[in-house]
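Below: one structure, written as structure tokens.
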Amino acid sequence: MSINRRQFLRRAGMVAALGLGGSFIVTGFRGKKVEAASEYQTGQQGLKAKHWAMVVDMSKFKTEDDFNRVKEVCHSIHNVPDFGNPKDEIKWIWKDDYEHTFTGQQNKYLEEHLIDAPFMVLCNHCENPPCVKACPTQATFKRPDGIVAMDFHRCIGCRFCMAACPFGARSFNFRDPRPFIKEIQPDFPTRTKGVVEKCNFCVERLAEGLMPACVENSKGGLIFGDLDDPNSEVREIIGTKFTIRRKPELGTQPSVYYLVGGDEHA
Amino acid sequence: MLEKALTGSKKYWAWIILLLAVIAVGFSSYLNQWNYGLGVTGMSRDVSWGLYIAQFTFLVGVAASAVMLVLPYYLHDFKRFGKMVILGEFLAIPAVIMCMLFIVVDLGQPMRIMNVILHPSPRSVMFYDMCVLVGYLCINLIVGWTTLGAERKGTPPPKWVKPIIYLSIPWAVSIHTVTAFLYAGLPGRHLWLSAIMAARFLASAFAAGPAILILLCMIVRKVSKFDPDPPGVGAIQSLVKIVRYAMIANVFFYILELFTAFYSNVPEYSAPLRYIFVGLDGHSNLVPFMWTAVVLAFVGILLLIFPTRKNGKILPIALLSIIVANWIDKGMILIVAGFVPNSFERIVEYTPSLNEISVTLGVYAIGILLITILYKVAISVREEKDQ
Numbered sequence: 000m001s002i003n004r005r006q007f008l009r010r011a012g013m014v015a016a017l018g019l020g021g022s023f024i025v026t027g028f029r030g031k032k033v034e035a036a037s038e039y040q041t042g043q044q045g046l047k048a049k050h051w052a053m054v055v056d057m058s059k060f061k062t063e064d065d066f067n068r069v070k071e072v073c074h075s076i077h078n079v080p081d082f083g084n085p086k087d088e089i090k091w092i093w094k095d096d097y098e099h100t101f102t103g104q105q106n107k108y109l110e111e112h113l114i115d116a117p118f119m120v121l122c123n124h125c126e127n128p129p130c131v132k133a134c135p136t137q138a139t140f141k142r143p144d145g146i147v148a149m150d151f152h153r154c155i156g157c158r159f160c161m162a163a164c165p166f167g168a169r170s171f172n173f174r175d176p177r178p179f180i181k182e183i184q185p186d187f188p189t190r191t192k193g194v195v196e197k198c199n200f201c202v203e204r205l206a207e208g209l210m211p212a213c214v215e216n217s218k219g220g221l222i223f224g225d226l227d228d229p230n231s232e233v234r235e236i237i238g239t240k241f242t243i244r245r246k247p248e249l250g251t252q253p254s255v256y257y258l259v260g261g262d263e264h265a
Numbered sequence: 000m001l002e003k004a005l006t007g008s009k010k011y012w013a014w015i016i017l018l019l020a021v022i023a024v025g026f027s028s029y030l031n032q033w034n035y036g037l038g039v040t041g042m043s044r045d046v047s048w049g050l051y052i053a054q055f056t057f058l059v060g061v062a063a064s065a066v067m068l069v070l071p072y073y074l075h076d077f078k079r080f081g082k083m084v085i086l087g088e089f090l091a092i093p094a095v096i097m098c099m100l101f102i103v104v105d106l107g108q109p110m111r112i113m114n115v116i117l118h119p120s121p122r123s124v125m126f127y128d129m130c131v132l133v134g135y136l137c138i139n140l141i142v143g144w145t146t147l148g149a150e151r152k153g154t155p156p157p158k159w160v161k162p163i164i165y166l167s168i169p170w171a172v173s174i175h176t177v178t179a180f181l182y183a184g185l186p187g188r189h190l191w192l193s194a195i196m197a198a199r200f201l202a203s204a205f206a207a208g209p210a211i212l213i214l215l216c217m218i219v220r221k222v223s224k225f226d227p228d229p230p231g232v233g234a235i236q237s238l239v240k241i242v243r244y245a246m247i248a249n250v251f252f253y254i255l256e257l258f259t260a261f262y263s264n265v266p267e268y269s270a271p272l273r274y275i276f277v278g279l280d281g282h283s284n285l286v287p288f289m290w291t292a293v294v295l296a297f298v299g300i301l302l303l304i305f306p307t308r309k310n311g312k313i314l315p316i317a318l319l320s321i322i323v324a325n326w327i328d329k330g331m332i333l334i335v336a337g338f339v340p341n342s343f344e345r346i347v348e349y350t351p352s353l354n355e356i357s358v359t360l361g362v363y364a365i366g367i368l369l370i371t372i373l374y375k376v377a378i379s380v381r382e383e384k385d386q
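Residue numbers (numbering that gives the first Met the number 0), protein chains in the order written: chain A, 0 to 265; chain B, 0 to 386.
Shown next, in the form of structure tokens:
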């Protein structure tokens with residue numbers, strides 16, 4: 000059987016297309032997501048957990064300083080820039096009032112000091128994170144310990160995650176952040192323009208056996224631990240006290256719990 | 000066949016040069032954005048998608064609308080569309096390319112775009128959107144080029160292209176469905192979290208897309224000897240019916256959204272619609288636009304229902320009304336208002352910057368240039384045959 004030039008070219012083309020497509024299917028969907036993207040290896044001294052969670056004990060946040068201390072340490076060790084305008088603003092942990100943090104939960108008889116009561120807000124490290132689902136490159140991914148982390152070098156800046164996050168936890172580098180960092184900390188990467196960023200529950204500190212910086216500087220206001228461990232402090236509080244979470248009706252299962260009126264705890 | 004785009008009248012070249020000039024201005028604005036970052040746009044932490052993604056959404060619809068010619072012609076042997084089908088396919092190609100360009104100009108790190116292929120994420124709707132858009136572009140390139148090539152030689156199109164033509168029909172529906180899923184699957188954006196989103200997207204696409212196509216046919220008639228709808232055929236009037244019913248369906252679907260939001264009175268659902276129609280807490284940037292769209296939608300529908308649709312002077316006005324109404328709805332309001340109020344129920348408004356508008360016009364100019372070239376090729380082939 001002989002084939003002419005045209006038939007040969009057609010068959011060669013089909014084989015090549017099949018080969019390319021096949022190799023894509025084989026390599027493309029292999030589970031290389033988490034290893035490739037995570038930058039921190041937990042060593043011997045590192046803290047480990049099955050589900051990191053945080054309790055925000057609002058009774059410990061009283062003065063302006065209680066909030067600023069926590070925010071400043073986070074933003075300085077993570078090289079978060081300060082642009083001084085809300086349009087470009089980047090924030091990992093910050094303060095907002097009850098009315099806007101717990102939307103739809105207030106009633107009209109609440110007194111002003113309760114409506115305006117400040118709350119600490121940050122990424123909720125959801126169990127079902129919509130941002131992780133949305134990300135087209137797995138630059139945002141959920142680690143086995145429950146932390147929703149990011150690979151700043153893989154992010155293409157499509158901002159689908161920002162549309163997906165119901166908590167407004169994500170910020171985008173609308174311009175080069177480096178000139179706006181007060182003092183660059185060499186231990187943590189600075190970001191380039193055009194990528195998204197957010198709180199990472201201090202994965203880089205956990206890997207070294209340290210608690211998150213905000214927890215360390217909160218004077219007991221932020222309690223951090225393994226929610227999967229029945230003997231952990233966070234589990235005890237969440238199991239025995241009345242705590243609330245932001246937008247639980249959306250089913251994302253936030254890992255940040257707010258303990259309100261929890262004076263007796265400590 | 001492409002060489003046919005290289006010969007033309009003085010007017011043709013003047014038009015090409017004008018488009019190139021707009022592209023050049025848009026490109027320099029893009030370089031500005033490239034150097035500074037997306038901060039040159041009006042987008043912010045709160046309204047993180049704007050004009051670019053809105054144009055993308057609108058144009059996916061225009062691209063999908065080619066199916067409104069392909070389906071009747073190839074599946075139902077509706078001969079009236081015979082001369083027009085190629086124009087529909089040649090409108091879809093530039094529309095998809097514009098969609099892709101709008102995605103690229105919206106990226107913070109466009110150099111990393113291949114990460115979408117290097118790290119495929121089958122849980123992300125954007126991954127599927129990329130797949131269907133690239134596929135649709137290929138399908139239309141193959142189908143358009145081979146059918147026109149065959150026509151030029153005076154032979155029927157090769158047999159192998161038929162299955163691809165049939166494939167293009169569900170594929171067109173898929174591109175706009177997947178695009179709707181980008182928005183409709185997000186838990187915290189109440190304006191988008193609606194089961195009817197994809198249906199409404201298709202309805203508005205099948206109104207705006209064919210309306211644009213009819214206007215293009217009218218232009219083709221004016222500037223060339225080729226008539227896509229010769230006297231007695233009635234292709235345009237058939238397409239007008241499609242535009243009319245699609246637009247009525249679109250308005251109907253919108254009213255369903257309004258009913259659910261306002262009768263149920265769930266605040267999260269009604270807030271963005273309140274913002275669109277009457278303003279919220281004193282913020283009302285979009286209100287005049289929305290009401291313009293409402294008026295134009297009804298004017299367009301009425302003009303297409305009554306015999307006015309057969310009047311050569313009124314028809315373009317009716318079609319323009321429908322196109323503009325759809326553009327305001329999809330190419331402007333829907334995306335922006337999805338972010339208002341924001342996750343904290345605060346209102347941060349968005350106004351596109353001049354730089355952003357310039358980039359947008361540049362991308363449109365690229366698309367119009369491609370339409371011009373492709374149409375020039377198609378028209379030349381037809382004129383050659385008619386001689």
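Ideal placement from N, C-alpha and C gives every residue a C-beta, glycine not left out.
The model shown is predicted, which means the values in this text are computed figures rather than measured ones.
When Cβ-Cβ separations below 9 Å define contact, Cys134(A) makes contact with chain B. In the same chain as Arg177(A), and ignoring 5 residues on each side of it, the C-beta atoms closer than 7 Å to its own belong to Thr189, in chain order. The C-beta of Ile235(B) comes no closer than 9 Å to any C-beta of chain A. Residue contact check for Pro271(B) against chain A: no CB pair falls below 9 Å. Comparing alpha-carbon positions, the option among Asp87(A), Tyr108(A) and Asp225(A) lying closest to Lys47(A) turns out to be Asp225(A).
When rounded, the separation of the alpha-carbon atoms in Gly219(A) and Arg158(A) is 35 Å. Look at the stretch 219–253 of chain A: the residues with a C-beta under 8 Å from a C-beta of chain B are Lys246, Leu249, Gly250 and Thr251.
Closest by C-alpha distance to Thr178(B), out of Val66(B), Ile211(B), Cys130(B) and Tyr268(B), is Cys130(B).
In terms of beta-carbon proximity, Phe173(A) lines the interface with chain B, with at least one pair separated by less than 9 Å. In the structure shown, the three-state DSSP call for Phe261(B) is helix. Per DSSP, the beta-bridge partners of Tyr256(A) are Val54(A). For secondary structure counted as the beta strand (DSSP E) over 3 or more consecutive residues, the stretch 193–229 of chain A holds these complete runs in sequence order: 221–225.
Inter-residue distance for Met42(B) and Val335(B) is about 10 Å (C-alpha atoms, whole angstroms). At a cut-off of 9 Å between beta carbons, Met99(B) makes no contact with chain A. Pro117(A) has Asp96(A) as its beta-bridge partners, per DSSP. Against chain B, a Cβ distance below 7 Å from Pro165(A) picks out Pro186, Gly187 and Ser342. If you look at Ala270(B), you'll find it in the alpha helix (DSSP H) that goes Pro266 to Phe276. Taking C-alpha positions only, Ser352(B) is separated from Cys137(B) by approximately 34 Å.
Per DSSP, the unbroken alpha helix (DSSP H) holding Phe101(B) starts and ends at Val84 to Asp105.
Ser263(B) counts as exposed, since fewer than 16 other beta carbons sit within 10 angstroms of its beta carbon. Boundaries for Phe77(B): no beta strand (DSSP E) harbours it, and the DSSP string shows neither H nor E there. Under the DSSP definition of a beta bridge, Met149(A) partners with Thr139(A).
Per the DSSP secondary-structure output, His282(B) pairs in a beta bridge with Leu279(B). Counted as a single uninterrupted DSSP element, the alpha helix (DSSP H) harbouring His175(B) occupies residues Val160 to Ala183. Here the alpha carbons of Leu106(B) and Gln32(B) stand approximately 11 Å from one another. Neighbours of Asp95(A) in chain B, taken as residues at a C-beta separation under 7 Å, are given in chain order as Phe343.
When beta bridges are read from the DSSP output, Thr307(B) appears opposite no residue.
Following the DSSP letters along the chain, one finds Leu46(A) in no alpha helix (DSSP H), marked with neither H nor E. For Phe251(B), the nearest beta carbon of chain A is not closer than 9 Å to its own beta carbon. If you draw a 10 Å sphere on the C-beta of Pro306(B), you find fewer than 16 other C-beta atoms in it, and that means exposed.
Going by DSSP, Trp144(B) is part of the alpha helix (DSSP H) stretching over Val124 to Lys152. Annotated as proximal: Trp93(A) and Met119(A), with beta-carbon spacing under 9 Å. Residue state for Ser170(A) is assigned as strand, using DSSP reduced to three classes. Below 8 Å, too few C-beta pairs join the stretch 53–62 of chain B and the stretch 162–171 of chain A to call them touching: fewer than three.
Residues of the same chain with a CB within less than 7 Å of the CB of Arg245(A), apart from the 5 flanking positions on each side, are Thr100, Phe101, Asn123, Phe166 and Pro253 in chain order. With contacts defined by Cβ atoms closer than 9 Å, Cys201(A) and Cys160(A) do not form a contacting pair.
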